[in-house]
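What follows is a single structure, written as C-alpha coordinates, with notes after it.
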Amino acid sequence: MKSLTISDLKTSGQSAANEKESARVLPREQMQNVRGGRAVVVQVDGRPGGVVDDFSLNMEIFKGNIGGPMI
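Residue numbers for the sequence shown follow the working numbering, so the first one is 1 and each next one is one higher.
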(Lines of atoms letter the chains of each structure in order from A and count residues from 1; the text may use other names and numbers.)
(Lines give C-alpha, C1' and ligand atoms only; values in the text may rest on other atoms or scores of the structure.)
Protein backbone atom coordinates (compact mmCIF):
# COMPACT_ATOMS: atom_id res chain seq x y z
CA MET A 1 0.00 0.00 0.00
CA LYS A 2 1.31 3.45 -0.86
CA SER A 3 1.03 6.26 1.63
CA LEU A 4 0.94 10.01 1.25
CA THR A 5 2.42 12.22 3.95
CA ILE A 6 1.18 15.79 4.09
CA SER A 7 3.35 17.58 6.62
CA ASP A 8 1.43 20.87 6.76
CA LEU A 9 -1.85 19.25 7.87
CA LYS A 10 -1.26 18.90 11.60
CA THR A 11 -3.20 16.67 13.94
CA SER A 12 -4.48 18.83 16.76
CA GLY A 13 -3.72 17.83 20.32
CA GLN A 14 -0.77 15.54 19.57
CA SER A 15 2.92 16.05 20.08
CA ALA A 16 5.20 16.10 17.04
CA ALA A 17 6.61 12.65 17.92
CA ASN A 18 3.17 11.02 18.16
CA GLU A 19 1.94 12.88 15.09
CA LYS A 20 4.57 11.27 12.83
CA GLU A 21 3.50 7.79 13.96
CA SER A 22 -0.24 8.32 13.71
CA ALA A 23 -2.58 8.15 10.75
CA ARG A 24 -5.94 9.83 10.43
CA VAL A 25 -8.74 10.34 7.96
CA LEU A 26 -8.93 13.85 6.56
CA PRO A 27 -12.30 15.57 6.81
CA ARG A 28 -14.02 16.50 3.54
CA GLU A 29 -12.94 20.16 3.82
CA GLN A 30 -9.25 19.22 4.06
CA MET A 31 -9.48 16.62 1.27
CA GLN A 32 -10.88 19.30 -1.04
CA ASN A 33 -7.78 21.42 -0.32
CA VAL A 34 -5.31 18.69 -1.35
CA ARG A 35 -3.77 19.57 -4.70
CA GLY A 36 -0.80 18.27 -6.56
CA GLY A 37 0.40 16.20 -9.43
CA ARG A 38 1.10 16.88 -13.07
CA ALA A 39 -0.81 18.71 -15.76
CA VAL A 40 -2.37 16.18 -18.15
CA VAL A 41 -3.92 17.01 -21.54
CA VAL A 42 -7.42 15.53 -21.87
CA GLN A 43 -10.00 15.28 -24.62
CA VAL A 44 -13.63 14.36 -24.00
CA ASP A 45 -15.93 13.13 -26.76
CA GLY A 46 -13.93 14.82 -29.51
CA ARG A 47 -14.33 18.29 -28.00
CA PRO A 48 -11.38 20.69 -27.80
CA GLY A 49 -8.78 19.49 -25.33
CA GLY A 50 -8.10 20.83 -21.88
CA VAL A 51 -5.56 20.44 -19.10
CA VAL A 52 -6.33 18.88 -15.72
CA ASP A 53 -4.32 17.91 -12.67
CA ASP A 54 -3.64 14.15 -12.74
CA PHE A 55 -4.17 13.86 -8.96
CA SER A 56 -7.63 15.41 -9.23
CA LEU A 57 -8.44 13.24 -12.24
CA ASN A 58 -7.39 10.07 -10.41
CA MET A 59 -9.44 11.09 -7.35
CA GLU A 60 -12.56 11.51 -9.52
CA ILE A 61 -11.94 8.09 -11.13
CA PHE A 62 -11.43 6.57 -7.65
CA LYS A 63 -14.70 8.12 -6.41
CA GLY A 64 -16.52 6.71 -9.45
CA ASN A 65 -17.42 10.09 -10.95
CA ILE A 66 -15.37 9.36 -14.10
CA GLY A 67 -14.95 6.02 -15.86
CA GLY A 68 -11.61 4.77 -17.11
CA PRO A 69 -8.20 3.68 -15.87
CA MET A 70 -6.19 5.74 -13.41
CA ILE A 71 -3.11 7.47 -14.81
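Each residue gets a CB set at the ideal place from its N, CA and C atoms; glycine is no exception.
Item	Value
Alpha carbon of residue 56 to alpha carbon of residue 50, nearest angstrom	14 Å
Element boundaries [beta strand (DSSP E), containing residue 53]	50-53
Beta strand (DSSP E) segment containing residue 40, residue limits	39-42
Cβ-Cβ distance between residue 54 and residue 71 below 8 Å	yes
Whole-number beta carbon distance between residue 52 and residue 42, since they are thought to touch under 8 Å	5 Å
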